[in-house]
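Peer 1: First the structure, then my questions, so here it is.
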Amino acid sequence: MGAVAEADVAPAGVASGSHPQGFGLLVDRLVETVSVLLMLTAVAVASLQVVLRYIFNSGLPWPEELAAWVFAWAVFLAMAVATGRDAHISIDVVTRALPERPRDLLLLFNRAVVAAASIMLVVHGWDYVNRVISASPALQWSMKYFFAAAPVGGALNLFFLAWPKAGRGWLQGLGVLAGGLLIYLAIRYGATSVYGESGSAIVLVGVGIFAIVIGVPVAFALAFGAFAAFAAFNPILLVTISQNMAASLNSFTLLAIPFFILAAAVMNAGGITPRLVDLAMQLVGHMRGGLGQANIITNTMLAGISGSSTADASTIAKLLVPEMAQRGYSRPFAAALTAASATLANLIPPSLGLIIYAALASVSVGALFVATLVPGLMVAGSLMVVVYVLSRRRGYGGDMPKASLQQRLSSLGLAIPALALPVLIVGGVRFGVFTATEAGAVAFMYALLCGALLYRKLTVSNLIAAIRESVFDTAVIAVIIAAAAPFAWVLAFEQVPQKIAQSLSDLVSSPFLLMLVINLFLLVVGLFMEMIASLVILVPILVPLVIAAGMDPIQFGIIIIMNLVIGALTPPLGVLVFTTARVGGANQTETFKAILPFIVALVAVLFVVTYVPAVTMLPVLWLGP
């Protein structure tokens, strides 16, 4: 049984899209470098706090505050670079379906909306900076310098939108800025007469969701929706948009996101993925459907390191889909299985989806990590059952020799350092050795040691590439969370959750029916919206409802994540299926057909998790935290 090739698992590069040209490229590289250095500073400071507390039995008051400050600045700077590279998360269902000319016009309009949102950040963000008089608690730095990150990021956005790049000249760039200015002025001075204060909640949701659907990057669609809603009120309220965006990043909990993304990227660059694949193949490769079972086991192990379904889908599709096709498996089946297995990255700690939910719902990350262990393993088991049944019917697998005990032990020995990481994370959080955020920093340092000293595959060049890629992966996620803060603020201001709860009062009195409706609703939402966007919009609305119905928000966190990862497998969005089909060279239509049995298995587990609370809550009671 040959070893899996390692050449394909290096970082794929930083941020999609073409780069600015000339002086714009210089600014791009400079801002990128500063954002990377700031993110590494956050990791170093958080790691320092762990070392001081548990090795020297002391702590300092300022590290958490400094880490949050540099994180916020890193996000807003990287946001601008991602704008210049067209690398923000967006939904392209509509743009993909349009002919070339209408598509180009829509993309131009979408960039004008981004420009309008950026102008809003600059104008009203700077207004807020000039009003700030407070200082930070620990460092005693003026908060002006913290909140300045938002307007500075907005100004850099405008620079990158205007600067020429491949296929876009000065005329188009300046046209985008002019269009953005017109949109900004039309809403700023026309909102009161067109829809007034009474329609702010409808405008918020309507404008925000419409912008997302037509392909405006999710973060800017949310910020633009909040701007449209607030424009009808006293102008002073407009400063709260940039204030809320920056303040939402002043969170030590959110720092877990870049830390775990960095750890996974460094482990990947250090050669861990092929070792996990080899171990899985040694264990189950000889069985009926063995390569399919190895696919699931690999994704289960990798989920404990990565936390990102899309990253796992791409990595495993490169390694296993061609191998499965070569050994007689249908290529669409292999791609579909890889997509379904990649959902485990958000169902096994450290799940980025659960970290984001914890921040939005104000619940314990550690409790969510413990609560999701059994559901995650149930999903893996259900997928293995589907693979076994389909493989027996179709004659897949069974042609590989059974590995000897010595081969299995050898593969296990090589994989143990990586397998120890999720144990370190969950155990450390559970027993109070470190917080979930500090666990991410420790995971990053551990990944560095594994890649450089144990596996000796981590070079300076692929380490730098991994860090750059991680910073931009973090930025495009974190800026959505930041933009969701004013969006949620408007919902709370208009008492939308309370109004929905009142209108659904009969359902709230029947938890069974309420959860059935919510599950069906979330499954439909997942058809059209990416997970992070769905979380930031829906968590402020749905969590009060389920709490009123008597459900623990920890259990609901697992339920909402399961619903939304299923959405990543279904058309028209189906991001995981599109990823594995593209990387694995499978027909997309056939892959969507092949995914159906796996979706049935996932939905079955979802309903068990929904209606049997013990599946999620007993581990929390037994293990804490």
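Per our numbering, residue 23 is the first one in the sequence shown, and the count goes up by one each step.
Quick reminder that beta carbons are idealized off the backbone N, C-alpha and C, glycines included.
Note that the structure is predicted; figures quoted are calculated from it, not measured.
T613 and A367 - do their beta-carbons sit closer together than 7 Å?
Peer 2: For A367 and T613, no; Cβs fall outside 7 Å.
Peer 1: Could you tell me the boundaries of the alpha helix (DSSP H) in which S483 lies?
Peer 2: Residues V482 to F515.
Peer 1: Between the Cα of D114 and those of L645, A608, V625 and L595, spot the shortest distance and give me the residue it belongs to.
Peer 2: Of the listed residues, the one whose Cα sits closest to D114 is L595.
Peer 1: What's the call for V407, buried or exposed, on a 16-neighbour Cβ count within 10 Å?
Peer 2: Exposed.
Peer 1: In this structure, how does DSSP classify R452 when only helix, strand and coil are distinguished?
Peer 2: Helix at R452.
Peer 1: Assuming A184 and L199 form a contact by the criterion Cβ under 8 Å, report the distance between their Cβ atoms to the nearest whole angstrom.
Peer 2: At roughly 5 Å, the Cβ-Cβ gap stays under 8 Å, so A184 and L199 are in contact.
Peer 1: Between the beta-carbon of I209 and the beta-carbon of A253, is there less than 7 Å?
Peer 2: Yes, the Cβ-Cβ distance between I209 and A253 is below 7 Å.
Peer 1: Roughly how far, in whole angstroms, is the beta-carbon of M165 from the beta-carbon of A157, given that I think they are within contact range, below 8 Å?
Peer 2: So it is a contact: roughly 6 Å between Cβ atoms.
Peer 1: In this structure, does DSSP put S80 in helix, strand or coil?
Peer 2: It is coil, neither helix nor strand.
Peer 1: In three-state DSSP terms, what is G350?
Peer 2: Here G350 sits in coil by DSSP.
Peer 1: Quick check on DSSP: helix, strand or coil for S164?
Peer 2: Here S164 sits in strand by DSSP.
Peer 1: Between the segment 487-499 and the segment 47-62, do at least 3 Cβ pairs fall closer than 8 Å?
Peer 2: Touching, yes.
Peer 1: Got a sec: is the Cβ-Cβ distance from V229 to anything in chain D below 7 Å?
Peer 2: Among the chains of the structure shown, chain D does not appear; only one protein chain is present.
Peer 1: If you follow the alpha helix (DSSP H) that G579 is in, where does it begin and where does it stop?
Peer 2: Here the alpha helix (DSSP H) through G579 covers P575 to G589.
Peer 1: In whole angstroms, what separates the C-alpha of I279 from that of V387?
Peer 2: In a straight line, the C-alpha of I279 is about 12 Å away from that of V387.
Peer 1: Quick one: grab the DSSP three-state call for K187.
Peer 2: In this structure, K187 counts as strand in the three-state DSSP scheme.
Peer 1: Between N585 and V512, what straight-line distance do the alpha-carbon atoms span, to the nearest angstrom?
Peer 2: Their Cα atoms are separated by approximately 25 Å.
Peer 1: Using only the alpha-carbon positions, how far apart do W644 and V136 sit?
Peer 2: Cα-Cα distance, rounded: 48 Å.
Peer 1: Rounded to whole angstroms, what's the CA-CA distance from N152 to M537? Just pull it up for me.
Peer 2: Computed Cα separation, rounded: 46 Å.
Peer 1: Give a yes or no on whether the C-beta atoms belonging to T337 and T295 are separated by under 7 Å.
Peer 2: Cβ atoms of T337 and T295: closer than 7 Å.
Peer 1: By how many angstroms is the C-alpha of A241 removed from the C-alpha of D149?
Peer 2: Computed Cα separation, rounded: 21 Å.
Peer 1: Return helix, strand or coil for R75, following the three-state DSSP convention.
Peer 2: Residue state, collapsed to three classes: helix.
Peer 1: Exposed or buried, which one is I263 when buried takes at least 16 other CB atoms within 10 Å?
Peer 2: Label assigned to I263: buried.
Peer 1: List the DSSP bridge partners of P42.
Peer 2: Its beta-bridge partners are K187.
Peer 1: Do H110 and P239 count as a contact pair if the criterion is CB distance below 7 Å?
Peer 2: A contact, by the Cβ cut-off of 7 Å.
Peer 1: Can you confirm whether the segment 300-307 touches the segment 416-427 when touching is taken to mean that 3 or more C-beta pairs between the two stretches lie within less than 8 Å?
Peer 2: The segment 416-427 is in contact with the segment 300-307.
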